[in-house]
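Down below is the structure, laid out as structure tokens.
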Amino acid sequence: MAIEISEKTIKHEFIERISQLSGQDIFKCFQCGTCGGACPMSGEMEILPRRIMRMLQLGMEDRISESETGWVCASCHTCSVNCPRGIDLARVMEAVRLLILRKNINKVEPSGLPAETIRDLPQIALVSGFRKMTS
Ligand code: SF4
Ligand code: SF4
23 MAIEISEKTI
33 KHEFIERISQ
43 LSGQDIFKCF
53 QCGTCGGACP
63 MSGEMEILPR
73 RIMRMLQLGM
83 EDRISESETG
93 WVCASCHTCS
103 VNCPRGIDLA
113 RVMEAVRLLI
123 LRKNINKVEP
133 SGLPAETIRD
143 LPQIALVSGF
153 RKMTS
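Read in order, the letters of the sequence shown correspond to residues 23 to 157 in the working numbering.
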């Protein structure tokens, strides 16, 4: 399905908040795709990092917020060290997650986890997962 882009659909405030939170100039990205090629999680992402960057430049807040890509990101920084434009994409992904969490949306509900999951997972994995995915 074609997505219509117009001045009305571009969320400039969203672009500014992502830029402020991440400290990155997202407009330096020229969509080379090096980040996605290096990303160990790209096989699990419905939208590759290169496209996320383009959608950020276009202020597509709703579509990005619906995507699981930011949550699949493992914050490994492989993209950041490989970007030819010096963009710390891991920080951009973190900013995307923060803006969603600030709407009080939890991506994991601790009380909803099965008892066997809580029993079997290392505590450090649970804690880091909650820190990443709960508001
Ligand atoms: S590697 Fe850098 S410039 Fe290339 S698409 Fe990714 S963020 Fe953009
Ligand atoms: S920080 Fe996230 S987007 Fe970047 S390479 Fe690692 S998993 Fe992929």
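Ideal Cβ placement from N, Cα and C applies to all residues, glycine included.
Assigned with DSSP and collapsed to three states, isoleucine 32 falls in coil, not helix or strand. By a beta-carbon distance limit of 8 Å, cysteine 101 contacts proline 71. Their separation comes to about 6 Å.
Minimum Cα-Cα distance from glycine 65 among the listed residues Arg76, Ala96 and Ile37 corresponds to Ala96.
Valine 94 is positioned such that its CB atom lies no closer than 8 Å to that of glutamine 46.
Within the chosen limit of 7 Å, ligand 2 does not reach the beta carbon of alanine 117 with any heavy atom.
Judged by DSSP in its simplified three-state form, methionine 82 adopts coil rather than helix or strand. Nearest to valine 130 by alpha-carbon distance, out of Met77, Val149 and Glu35, is Val149. One alpha carbon belongs to glutamate 88, the other to arginine 39, and they sit about 18 Å apart.
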